[in-house]
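The numbering of the sequence shown is the UniProt record's numbering, which starts it at 1 and goes up by one.
All residues carry an ideal CB built from backbone N, CA and C; glycine is no exception.
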Amino acid sequence: LDRPMARVDPARVRLLSPTKLKLVPKPGGVVYWMSRDQRVRDNWALLHARDLAVSSGVGLSVIFCLVPSFAQATIRQYGFMLRGISECERDLRSVGVPFKLLQGDPVATLPAFAREHGVCALVTDFSPMRVGKQWKEGVAAALPDVPLYEVDAHNVVPVWVASDKQEVGARTIRKKINDRLPKWLVDIPPFEPLSPPGPRPQPNPALQSAREDEDEAREDAGGAPSQTQLQKDVHELQAALDASPLDEASAAEVLER
């Protein structure tokens, strides 16, 4: 593994495991638990997972946990999300990184996967939502011997760097953020494929099945995906489905014009 590392600032990363753990190389390698930041480019959490894999001489893979329901999401939200995740999977396959979709509560499915495959470290992205915190606490408690790292891949200035307390309003945190921008407002390096490359991963059948379930639910007002419990009264807009791709690559192209 001779590609240069991304050098993610250590202050952007924090250890969530109950005790300080040392990463011990295992066959399952490093897993990036993708959650809030569902993208391959401009993703500090994915870059940190790559750093750990390179420095430890192990492989890297990505997991997404598809929960049965989330925050009263409808078929419209799940459909948009699953198409975006499908794009992530294609991008990851193009750089030789396997992707796995787990269905169910992350607190149950992720530790089971980590134990079965001998994962040596987990990396996930930061979310301020209560349910996300509960998931991470549960996973960390279930895997006391596997380090779980959280990376703020969402904010320019990491939340825990910007302030060490809950702010009462924008006026109290604005100056703190602005004072720190010169250090943190930097270009995010591209993801470099691991070297030497392994065999190109195959498309993930679980993700394809979830997409097919979502398609069936969209066509049948009386049905919902078999593995999810979604509200069925807000369907996807056909005009949006027929429009030009509104994916990560298209968004980046518009941004760079």
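Residue i versus the options, residue with shortest Cα-Cα distance
i, options, result
"Trp44", "Val159, Asp152, Arg257, Leu52", "Asp152"
"Pro158", "Asp145, Arg171, Pro128", "Pro128"
"Arg39", "Phe126, Trp135, Gly138, Leu92", "Leu92"
"Pro136", "Leu47, Arg83, Leu16, Ser86", "Checking the displayed sequence, the identity of residue 136 turns out to be Lys instead of Pro. It is Leu16."
"residue 290", "Gln134, Lys176, His48", "Missing from the structure shown is residue 290; the chain here goes from 1 to 257 and no further."
"Glu192", "Arg41, Leu148, Gly104, Arg257", "Arg41"
"Gln103", "Ala251, Lys133, Val67, Ala114", "Val67"
"Pro18", "Ala252, Leu101, Glu150", "Glu150"
"Cys120", "Ala11, Ser250, Glu256, Trp33", "Trp33"
"Ile188", "Val156, Lys20, Trp160, Leu148", "Val156"
"Trp160", "Leu148, Val146, Lys176, Gly169", "Lys176"
"Val95", "Val13, Gly138, Arg50, Gly57", "Arg50"
"Val131", "Val54, Val13, Val254, Arg36", "Arg36"
"residue 259", "Arg7, Ala249, Gln77", "Outside the shown range of the chain, which is 1 to 257, sits residue 259, and nothing can be said about it."
Where residue i sits in the DSSP three-state scheme
i, result
"Lys20", "coil"
"Ala73", "coil"
"Ala121", "strand"
"Gln166", "coil"
"Gly222", "The pLDDT assigned to Gly222 is 42, lower than 50, so where the model puts this residue is not dependable, and the model offers no usable value."
"Leu181", "helix"
"Lys26", "coil"
"Leu52", "helix"
"Phe191", "coil"
"Phe80", "helix"
"Phe99", "strand"
"Leu1", "Because the pLDDT at Leu1 is just 45, under 50, the model does not fix this residue reliably, and the value given afterwards should be weighed accordingly. In this structure, Leu1 counts as coil in the three-state DSSP scheme."
"Arg130", "helix"
"Gly90", "It is worth fixing the name first, because residue 90 is Arg in this sequence and not Gly. Residue state, collapsed to three classes: helix."
"Thr159", "Here the sequence assigns Val to residue 159, which means Thr is not the residue at that position. If DSSP states are grouped into helix, strand and coil, Val159 belongs with the helices."
"Arg174", "helix"
"Val186", "coil"
"Val107", "helix"
"Ala217", "Low local confidence applies: a pLDDT of 49 at Ala217 is under 50, so the model's placement there is unreliable, and no value is given."
"Arg115", "helix"
"Asp9", "coil"
Neighbour-count burial assignment, residue i, 16 or more Cβ in a 10 Å radius
i, result
"Glu186", "One detail in the question is off: residue 186 reads as Val in this sequence, not Glu. Exposed, by the Cβ-count rule."
"Gly29", "buried"
"Thr172", "exposed"
"Leu52", "buried"
"Ile85", "buried"
"Arg174", "exposed"
"Leu82", "buried"
"residue 259", "Only positions 1 to 257 of the chain appear in this structure, which leaves residue 259 out of reach."
"Asp125", "buried"
"Pro182", "exposed"
"Gly79", "buried"
"Asp164", "exposed"
"Pro147", "buried"
"Leu122", "buried"
"Leu194", "buried"
Run of the beta strand (DSSP E) containing residue i, from where it starts to where it stops
i, result
"Val31", "29-34"
"Arg14", "13-15"
"Val62", "60-66"
"Gln38", "From DSSP, Gln38 is part of no beta strand (DSSP E); its letter is neither H nor E."
Opening and closing residue of the alpha helix (DSSP H) in which residue i lies
i, result
"Val151", "Unbroken run through Val151 is the beta strand (DSSP E), 148-151; no alpha helix (DSSP H)."
"Leu143", "Unbroken run through Leu143: none, as it is neither H nor E."
"Glu248", "248-255"
Point to revise | Contact the segment 137-156 vs the segment 104-116: 3+ CB pairs below 8 Å | key: yes
Exercise for review: Could you tell me whether the segment 19-26 touches the segment 60-80, using the rule of 3 or more Cβ pairs below 8 Å?
Suggested key: no
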